[in-house]
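Structure first, then comments.
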Amino acid sequence: MSERVKIAVRGMKKSFGPKLVLDGIDLDVREGESLVVIGGSGTGKSVTVKCLMGLMEPDAGSVKIDGAETIGLGAGARFELMRKFGMLFQGAALFDSLPVWENVAFGLIQGRGMARRQAKAIALQKLGAVGLGPEVGELSPAELSGGMQKRVALARAIAAEPEIIIFDEPTTGLDPIMADVINELIVKITHELGVTAISITHDMASTRKIADHVAMIYKGRIIWSGAADTIDRSGNPYVEQFIHGRAEGPIQMEIRAL
Amino acid sequence: MLDFLARIGHIFILFLQAAGRLALFAIIAISHCVRPPFYPRLIGRQMIDMGYYSLPVVGLTAIFTGMVLALQAHTGFSVGAESAVATIVVLSVTRELGPVIAGLMVAGRIGAAIAAEIGTMRVTDQIDALSTLSTNPYKYLVVPRLIAGTITLPLLVFVADIIGVFGGFVVATYKLGYNPGGFLGQTWDTLKTDDVVSGLVKSAVFGFIVALMGCYYGYHSKGGAQGVGAATTYAVVSASIMILLFDYLLTALFFSS
Chain A
4 MSERVKIAVR
14 GMKKSFGPKL
24 VLDGIDLDVR
34 EGESLVVIGG
44 SGTGKSVTVK
54 CLMGLMEPDA
64 GSVKIDGAET
74 IGLGAGARFE
84 LMRKFGMLFQ
94 GAALFDSLPV
104 WENVAFGLIQ
114 GRGMARRQAK
124 AIALQKLGAV
134 GLGPEVGELS
144 PAELSGGMQK
154 RVALARAIAA
164 EPEIIIFDEP
174 TTGLDPIMAD
184 VINELIVKIT
194 HELGVTAISI
204 THDMASTRKI
214 ADHVAMIYKG
224 RIIWSGAADT
234 IDRSGNPYVE
244 QFIHGRAEGP
254 IQMEIRAL
Chain B
99 MLDFLARIGH
109 IFILFLQAAG
119 RLALFAIIAI
129 SHCVRPPFYP
139 RLIGRQMIDM
149 GYYSLPVVGL
159 TAIFTGMVLA
169 LQAHTGFSVG
179 AESAVATIVV
189 LSVTRELGPV
199 IAGLMVAGRI
209 GAAIAAEIGT
219 MRVTDQIDAL
229 STLSTNPYKY
239 LVVPRLIAGT
249 ITLPLLVFVA
259 DIIGVFGGFV
269 VATYKLGYNP
279 GGFLGQTWDT
289 LKTDDVVSGL
299 VKSAVFGFIV
309 ALMGCYYGYH
319 SKGGAQGVGA
329 ATTYAVVSAS
339 IMILLFDYLL
349 TALFFSS
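Chains as they are written, first to last, in the working numbering: chain A, 4 to 261; chain B, 99 to 355.
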């Protein structure tokens, strides 16, 4: 991990109609660091990473990647910038019209114009890296279990060797063992490839395993951030409530009486 | 009263907004049609889907249209029937019914499929995934379908024209007892290049409309299965209406002078 700031987000705001989702997000991610953004459902985690990557246009604020402003880039420059990113989507988001290996090789073939044969060899190697044999490559994504789909999506995210990988709820919907397998893979990938990682999750076991740094988001703002090993002594009542999963505390769910 | 007017104004503004969004979508998509990278493999696959696999349904509708036209013309025009029947069949089919009926069938078959496929890709994040893999979804998903639709429907209509006239010929000669040679001669004399070409130009526009509406509603669908269902319905209904609207406008343009 270096001290160089890879991604700097300042004052990022986004609303959908009258609903304010991001209310001025400030975030620094250092190169080679694994940042985990925690927070409850509907607090703006997914919107934060989508705005950060440029899949959504924020209403206000600045996102600098390697020191260069990325808000307001034209379409061509935006797709060029996307080469720095890999993303693991919450629902895997595999292309169901293509076999598994072509999913993994997609960024190489379409994004970089690599020959199909060469891209297939790389794809099978990446599948091996996430513990899937070459026979899986010929299957269609619909034939795979949820855990396998996540692993294929992971292989696809790393295939083009991005500098920044975003993991959106990597363990949601998986059994605890498969969740741990995915966590191990994430740790291995980030350490081996030296990439900058941003994960969003509400799974504390996953957070403790993969995070160097943790930021907590609540009502569209970052309310706490610090090194992963300081999270148990944060002194922040919101963080305390979240990491211990208590219903009572400063964070109130809007639930009406039964 | 003021409330009522405000409501009308509101609906009108919503309509203009929708038209503007659609126009913007179309302009962006067309601008990507002429800029690399191109995906010829995808265009080819779409053309086979839209054209080849639509042949049975378009052929069937065309043959019955030709047959019913001959029957209607025969019972409707009792004097000088032979020449009238041939003329009515060939002009109606090439100028009007071939393009419109093929367009409507393709709107149901292809417009719905496009909206459902792209809509599902949207709600399962596959379109965002395309972007993260440095692939422009407009170029990869929308452009091949627009190009394939614009090229394929005229080819389909050309075949439908032939089948439709053949249907009319079969009914006129076997059922109504006309002289086959006379019917064909009359058909050949009546038919002008302009009739066929105007029909094919219309069908190119219809093919573009079907693909555009499918892509537009699919691309902007949201909210899971229900949203995809709604997108599919909107794509088919709006494509059908626009086909009939543009049919009138193009006919007025071609044959006004």
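For each residue, glycine too, the CB sits at the ideal point set by N, CA and C.
Just checking: is the beta-carbon of residue i within a distance shorter than 7 Å of some beta-carbon in chain A?
i: B:Ser129; result: no
i: B:Asn277; result: no
Just list the residues that DSSP pairs residue i with in beta bridges.
i: B:Ser296; result: Answer by DSSP bridge pairing: none, since B:Ser296 is not bridged.
i: A:Ser37; result: A:Ala200
i: A:Val32; result: A:Ile10
i: A:Arg224; result: A:Tyr221
i: A:His216; result: A:Leu38, A:Ala230
i: A:Met90; result: A:Ile169
Name the chain B residues that come within less than 9 Å of residue i, Cβ to Cβ?
i: A:Gly89; result: Thr230, Leu231
i: A:Gly150; result: Result: empty, since nearest Cβ-Cβ is about 17 Å, beyond 9 Å.
Just to make sure I have the definition right: I need the residues of chain A whose C-beta is within less than 7 Å of the C-beta of residue i. Which are they?
i: B:Gln224; result: Ala96, Phe98
Just to make sure I have the definition right: I need the residues of chain B whose C-beta is within less than 7 Å of the C-beta of residue i. Which are they?
i: A:Leu58; result: Asp226, Ser229
Quick one: Cα of residue i to Cα of residue j, how far?
i: A:Gly176; j: A:Ala95; result: 11 Å
i: A:Ile41; j: B:Leu231; result: 26 Å
i: A:Gly70; j: A:Val8; result: 8 Å
i: A:Tyr241; j: A:Ser209; result: 19 Å
i: B:Asp259; j: B:Leu298; result: 10 Å
i: A:Asn186; j: A:Glu172; result: 11 Å
i: B:His172; j: B:Val188; result: 14 Å
i: B:Lys273; j: B:Gly279; result: 15 Å
i: A:Ile161; j: A:Ala132; result: 10 Å
i: A:Glu60; j: A:Gly223; result: 16 Å
i: B:Ile208; j: B:Ala117; result: 22 Å
i: B:Pro356; j: B:Asp226; result: Residue coverage of chain B in this structure runs from 99 to 355, which leaves residue 356 of chain B outside it and unanswerable.
i: B:Trp286; j: B:Phe352; result: 21 Å
i: B:Phe264; j: B:Val335; result: 30 Å
i: A:Arg211; j: A:Trp227; result: 16 Å
i: B:Met340; j: B:Leu153; result: 22 Å
i: A:Glu195; j: B:Ser338; result: 55 Å
i: A:Ala182; j: A:Thr174; result: 5 Å
Starting from residue i, find everything on chain B with Cβ-Cβ shorter than 8 Å and list it in chain order.
i: A:Ala78; result: Asn234
i: A:Phe92; result: Asp223, Asp226, Ala227
Out of the options, state which residue places its alpha-carbon closest to the alpha-carbon of residue i.
i: A:Lys16; options: A:Val40, A:Leu38, A:Asp31, A:Gly47; result: A:Gly47
i: B:Val269; options: B:Ala184, B:Arg119, B:Ser152; result: B:Ala184
i: B:Gln170; options: B:Ser190, B:Gly157, B:Leu153; result: B:Ser190
i: A:Gly134; options: A:Phe170, A:Pro61, A:Val184, A:Gly149; result: A:Val184
i: A:Asp215; options: A:Thr199, A:His205, A:Arg224, A:Ile225; result: A:Thr199
i: B:Asp345; options: B:Leu103, B:Thr192, B:Ile146, B:Gly149; result: B:Thr192
i: B:Ala309; options: B:Ala350, B:Tyr317, B:Arg243, B:Thr288; result: B:Arg243
i: B:Val303; options: B:Arg207, B:Ile126, B:Ala117, B:Val255; result: B:Val255
i: A:Asp31; options: A:Ile254, A:Gly238, A:Ala230, A:Leu188; result: A:Ala230
i: A:Val12; options: A:Glu36, A:Glu72, A:Leu97; result: A:Glu72
i: A:Asp26; options: A:Met117, A:Lys191, A:Gly14; result: A:Gly14
i: A:Arg154; options: A:Gly35, A:Ile167, A:Trp104, A:Gly110; result: A:Trp104
i: A:Gly114; options: A:Pro165, A:Thr51, A:Ser65, A:Lys129; result: A:Pro165
Answer yes or no: does any C-beta atom of chain B fall closer than 7 Å to that of residue i?
i: A:Met262; result: Shown here, chain A extends from 4 to 261; a query on residue 262 of chain A therefore has no answer.
i: A:Gly110; result: yes
i: A:Phe82; result: yes
Could you work out which residues of chain A lie near residue i, taking near to mean beta carbons separated by less than 8 Å?
i: B:Tyr238; result: Gln113
I'd like to know if residue i contacts chain E, where contact means its C-beta is closer than 7 Å to some C-beta of that chain.
i: A:Leu196; result: No chain E appears in the structure shown, which is made up of the protein chains A and B.
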